[in-house]
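In full-length UniProt numbering, the protein residues as written are 1 to 192.
Beta carbons: idealized from backbone N, C-alpha and C, even for Gly.
Here the structure is a predicted model, which means the values were calculated and not measured.
Worksheet: the structure to be examined is printed underneath.
The structure is reproduced here in structure tokens:
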């Protein structure tokens, strides 16, 4: 029974360790994914800044062209509108990437919380295992003491039989032995 219980505790411990490793691997994968997303976000920000710089340059050029060539004002306005639309599209993409990044960060935090909970449960299982082992040790010592008492009672009974008078009367010095003999017939009384 104790071996079965110990095996169950060992299995629980292995399961917890395996689950912890799995959660750590998942957390590492999510951290890598987050780092990749951040790098991609940084690259897109750089691209957006370059586009913005380009837009500002073109805007200045268009303004000069408008001043110089008022007849081309409609074409310049159309080009500006297209560029602003592109800028809004990129800003929308940036916002979406930020949302995904926030979600990844939340998942990392959730997994960290799960890992902490599993570590706490693992510690609790370890404490319970120590308690059970202590109980087994205590029961083993009790069994050894009980065995010693039984052997001592057997020895006293053997001595009583050797020196018992023929008439069957018990001398006073063997009354305690008779009591021990009754206890030996009912060993459960030794535990009371």
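- CA-CA distance, residue 45 to residue 118, rounds to 39 Å.
- Judged by DSSP secondary structure, residue 50 falls within the alpha helix (DSSP H) whose first and last residues are 2–68.
- If you compare the alpha carbons of 80, 26, 111 and 18 with that of residue 56, the shortest gap goes to 80.
- If you draw a straight line from the Cα of residue 41 to the Cα of residue 93, it comes to about 10 Å.
- Between the stretch 127–137 and the stretch 1–10, the count of C-beta pairs closer than 8 Å reaches three or more; the two stretches touch.
- A distance below 7 Å separates the beta carbons of residue 76 and residue 65.
- Cβ-Cβ separation between residue 37 and residue 97: approximately 7 Å, consistent with a contact (criterion under 8 Å).
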